[in-house]
Each structure stands twice: as C-alpha cells, then as structure tokens.
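Participant: Going letter by letter, the sequence shown gives residues 1 to 334 in UniProt numbering.
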Amino acid sequence: MAASSGVWLQITNDFSDKSLELRAEAFLRDAVLPSIASSVVVLRSCEALLPDTEDVGLVPRLIAAIASNGDWWGKSVATLGLDFFQRLLSVVKAKGLKQETVTRILINYAQNSLHGLMARDVHRCGGGAVNADAVKKQRAVVEAIVGLLPAQSKKSPVPMAFLSGLLKTVMSVSASSICRADLEKRIGMQLDQAILENILIAAGAGAGAATPGGHGQQHALYDMDMVARIFSVFLNLDDDHNEEDAGFDYDSPRSPKQSLLVKAAKLLDSYLAEVALDSNILPSKFISLAELLPDHARIVTDGLYRAVDIFLKARTDAACFNFVRLAKTRRQLA
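As structure tokens, then:
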C-alpha cells in the first residue's frame, strides 16, 4: 500500500534516498514477505487498492512469497478473495503441489467462504436483494472450487463428505449444470466411499412429481434423478485396467467388482427406504431406481423388500398410484 502510494504521489527514489517507496520496500522485504500471515493480510488489503497494487507489482510478489512457504495452505489463506485465491492456487499447483495438499486447501477455503458468506451478508444488511447477492457470491465460489479440484479419479484424495457438501451447495445456489455434472461424476466414481447422508440431495425447484392427471402437483423431497445418474456413473466405470480383478470372474463373490456392487446395492436400498415415505414420489421413478442395479448386485433382498414395503404402506389411496409392479416385486421377494 505504501509502495503504491509512493508511486502515486511521485515520492520515489528519484526524489529522495529516504523516499516512501524505499521505506515501503524495506518494510515489505524485512517484515511482510518472510511471514505468511503478514503477506496474506497485505494481499487482502490489496483487493481494495486495485489496480494500483497490481501495477506496482505488489500483488504478484505477495502471491509468490506465500506460494514459496511450505505451510502456506493453512487456514490463513482461506480469508482471501476468490480472484487472489485462484491465482495463488494456480501458482502452487504449477510448482507440483501434491493433490492431497490441494484438497486440504480447497476444503479450508470452502468451509470459510461457503459456510459463512451467506450468514455474514444477510446478518449485516438483510433483505431479499442482499440475499440474492450473497447467493451469487456463493455460486461463484463453489463453481471456482469445483473447477480447481484434482483430476477425476476413483482414487481421488477428495473426501466423499466434501464432494457431497459441494453438490448440495451447488443445488442450493443453482450453480451451472456443468458444475453439477462434474460433482455427480466424481461421487459416482467414488461411490464405494459414500454413506446414506452423502446421497440424500434435496430436490431443486421443479424436481417434483405430480399425481396422474396433473392434479395437486407437489414436489418430491429428494432428487432421485440425480441419484440415478450417480449410480449410473458407478455402473459404467471402465474397469478394464483394474489389476485387482485379475483372476476373478465378474460374478464371483470374491471379485472386487462384485464386492463393490453389493456395497452399492446396500446403499441404494437404504436410500430407497429413506425416500419411500415421501408420498410425492412417482411409483415409476421408485421402480426405475430400484431396478437400476443388476440382479447379482443383491445377494440378499431384505433391504429392497423393506424399501418396497415402506413405499406401499405410506400410500393409503392406492387408486392414485400404479403400484401393481411394486406389489408384484414384493411378492417375488417374499
């Protein structure tokens, strides 16, 4: 800031050996740049002084200093604005930073920016317009974070709980379909790590189910279409190069593929049992999801039986629903 002011006031080394610019440079060199905390504080201050701080080269120097610090990924950088944070992360990724460390950085930033931004803005100003502005900020942050995630992989270091939290945020702030699809694919690729809470995604506006004839349209509580897409990603994973499966038949109980399928089936049946109480779910949607996995994925059918039983018992007006196939399925399971 002082360096920028010195240039703007033309108090440079050309006028005095003890100019403001010279003193600012000494302060930066001795007190700011060696300290990551001080560098972050000054970098945050630079946001309000753009483009001057950029023109005098202060911003890139601060970013370079922070990136050179081995412990820079701590929570201190989570307070940076989105633009500076993206620039900083791009620099350290170019230095070959490990994906695990990149993930920790992103988690810290998301926890600081997404969990607090809405509450801070609404509490400070109030009103619908401010709320819309806060949502816009959150949308920009979550889309940026998703774009900075490590490459998609079944062995990605990104925790499932974090991916699920991002996806729920994406839905709540109406982020781009590209962002949503990216997270759906990531979750599908790592579905073996998921628990029920991770796939219970609230339905967005318009993701509802209407009674036949269009009367009394209501919205479903959960986005079953999204869960179907996630499980479809899991089912379509290319495992041709998975050495762990060498020597096993696909349907063998000891096959790693079969073990993952069985685990996915248990997760899906738990999900079906959870959403079955929602009377706004169309039977056709419930059936489609229940039949998504191949038959050999379920060694036992107790979980599916329970889900179907809950679904049927939750509906007292049977004439409003086409539950014949469900009833037939339940008899077969019995």
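Glycine is no exception: its CB is placed at the ideal position from the N, C-alpha and C atoms.
As the structure is a computational prediction, the values presented were derived from the model and not from experiment.
Look at the Cβ atom of residue 234, then the Cβ atom of residue 264, and state whether they are nearer than 9 Å.
Facilitator: As a first step, residue 234 must be located in the sequence shown, where it is residue number 234. As a first step, residue 264 must be located in the sequence shown, where it is residue number 264. Going by C-beta atoms, residue 234 is nearer than 9 Å to residue 264.
Participant: Excluding the five sequence neighbours on either side, which residues of its own chain have a C-beta within less than 7 Å of the C-beta of residue 262, listed in chain order?
Facilitator: Here the question's residue 262 lines up with position 262 in the sequence shown. 297 and 299.
Participant: Just how far apart, CA to CA, sit residue 88 and residue 293?
Facilitator: The sequence position of residue 88 within the sequence shown is 88, counting from 1. The sequence position of residue 293 within the sequence shown is 293, counting from 1. Their Cα atoms are separated by approximately 43 Å.
Participant: Looking at the strands, I want to know which residues DSSP matches up with residue 202.
Facilitator: To locate residue 202, count along the sequence shown from 1; it is residue 202. 222, per the DSSP bridge assignment.
Participant: Kindly indicate the opening and closing residues of the alpha helix (DSSP H) around residue 98.
Facilitator: The count along the sequence shown starts at 1 and reaches residue 98 at position 98. Unbroken run through residue 98: none, as it is neither H nor E.
Participant: Using three-state DSSP, classify residue 154 as helix, strand or coil.
Facilitator: Locating residue 154 in the sequence shown gives position 154, where the first residue counts as 1. It is coil, neither helix nor strand.
Participant: Since I believe residue 267 is in contact with residue 196 (beta carbons under 8 Å), could you give me their beta-carbon distance rounded to a whole number of angstroms?
Facilitator: The residue given as residue 196 occupies position 196 in the sequence shown. The residue given as residue 267 occupies position 267 in the sequence shown. Yes, they are in contact, since the Cβ atoms of residue 196 and residue 267 sit about 7 Å apart, within 8 Å.
Participant: In chain order, what are the residue ranges of uninterrupted alpha helix (DSSP H) at least 4 long that sit wholly in the stretch 271-314?
Facilitator: List check, alpha helix (DSSP H) in window: 283-290 and 302-313.
Participant: Alpha carbon to alpha carbon, how far is residue 32 from residue 66?
Facilitator: Taking the first residue of the sequence shown as position 1, residue 32 is located at position 32. Taking the first residue of the sequence shown as position 1, residue 66 is located at position 66. One C-alpha to the other measures close to 10 Å.
Participant: How about residue 308: is its C-beta nearer than 9 Å to some C-beta of chain B?
Facilitator: Absent here is chain B; the protein component of the structure consists of one chain.
Participant: Residue 20 by DSSP, collapsed to three states: which one?
Facilitator: The sequence position of residue 20 within the sequence shown is 20, counting from 1. The answer is helix: DSSP assigns residue 20 an H, G or I state.
Participant: Could you say which of 63, 220 and 155 lies nearest to residue 28 if we only look at CA atoms?
Facilitator: Here the question's residue 28 lines up with position 28 in the sequence shown. Nearest C-alpha to residue 28: 63.
Participant: Consult DSSP for residue 188 and reduce its assignment to one of helix, strand or coil.
Facilitator: Taking the sequence shown and counting its residues from 1, one reaches residue 188 at position 188. Of the three classes helix, strand and coil, the one that applies to residue 188 here is helix, per DSSP.
Participant: Considering residue 38, what are the terminal residues of the alpha helix (DSSP H) in which it resides?
Facilitator: As a position in the sequence shown, residue 38 is number 38, starting the count at 1. Here the alpha helix (DSSP H) through residue 38 covers 36-46.
Participant: Report back the beta-carbon spacing between residue 194 and residue 187 to the nearest angstrom; my notes put them in contact at under 8 Å.
Facilitator: Numbered from its first residue, the sequence shown carries residue 194 at position 194. Numbered from its first residue, the sequence shown carries residue 187 at position 187. About 7 Å separates the two Cβ atoms, so the contact holds.
Participant: Short of 6 Å in beta carbon distance, which residues of its chain neighbour residue 154, apart from the five on each side in sequence? Order them along the chain.
Facilitator: Within the sequence shown, numbered from 1, the residue matching residue 154 stands at position 154. 189, listed in sequence order.
Participant: Are the beta-carbon atoms of residue 285 and residue 220 separated by less than 9 Å?
Facilitator: As a position in the sequence shown, residue 285 is number 285, starting the count at 1. As a position in the sequence shown, residue 220 is number 220, starting the count at 1. Their beta carbons are under 9 Å apart, which means residue 285 touches residue 220 by this criterion.
Participant: In this structure, how does DSSP classify residue 261 when only helix, strand and coil are distinguished?
Facilitator: The count along the sequence shown starts at 1 and reaches residue 261 at position 261. Residue state, collapsed to three classes: helix.
Participant: How would you call residue 184, buried or exposed, if buried means at least 16 neighbouring beta carbons within 10 angstroms?
Facilitator: Working through the sequence shown from its first residue, we reach residue 184 at position 184. The residue is buried, with at least 16 neighbouring Cβ atoms inside 10 Å.
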